[in-house]
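Position 99 of the sequence shown, counted from 1, bears residue number 93 in my numbering, the numbering being contiguous throughout. For reference, the structure discussed in these notes is given below.
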Amino acid sequence: MTSGNVVKDNRELASDLSLAVVRLTRHLRGRRVDSQVSLTQLSALATLSREGDMTPGALAARERVQPPSMTRVIASLAELGLVVRTPHPTDGRQVIVSLSPAGQELIADEASAREAWMTAQLAGLTAEQLDILRDAVSIIGALVSDSE
């Protein structure tokens, strides 16, 4: 295979992979439990669930949004009772954001709904396809973490 063909094949793979991810995301969005929470808000909640309590600045950095945007997200989540803001233990200018029990419940419900749909889809695959998919998940995870 020539260098030109490899580049062309990689571009086609990139296009196919991007489209598959978009379609998968669309299907997973359709399984959402609580539509009063935006995807941006849900992502912030999921980050807090996965990584623990943090400052708004740290959460903004993890979510790759500007701090003022995250401040608005946190305010709306606090208004919904999904996060709690407490004073920072050593820096009086900061707060620590954590999930409330309602936020923890929402994240668990969202994950359960997505996992139920995904598990049903995986049930139709062969053992070989599942092995390939496991490898693909690892590779995609590495691609994403390398770019962060």
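Using N, Cα and C, we set each Cβ at its ideal position, and we do this for glycine too.
Local conformation of residue i per DSSP, three classes
i      : result
Pro81  : strand
Val91  : strand
Leu39  : helix
Val31  : coil
Gly97  : helix
Leu137 : helix
Leu119 : coil
Leu7   : helix
Leu53  : helix
Arg23  : helix
Arg58  : coil
Segment limits, beta strand (DSSP E) that includes residue i
i     : result
Val67 : From DSSP, Val67 is part of no beta strand (DSSP E) but of the alpha helix (DSSP H) over 61 to 73.
Contact under 8 Å by Cβ, residue i with residue j
i      : j      : result
Leu93  : Val67  : no
Leu39  : Leu71  : yes
Pro50  : Val1   : no
Gly75  : Ala55  : no
Val91  : Asp125 : no
Glu57  : Thr41  : yes
Gln123 : Ser43  : no
Strand pairing of residue i, partner residues [DSSP]
i     : result
Met48 : Val91
Chain D contact for residue i (CB, 8 Å cutoff)
i     : result
Ser37 : As a matter of chain content, chain D is missing from the structure shown, which is built from one protein chain.
Cβ contact (3+ pairs, closer than 8 Å) linking the stretch 20 to 28 and the stretch 103 to 116: yes
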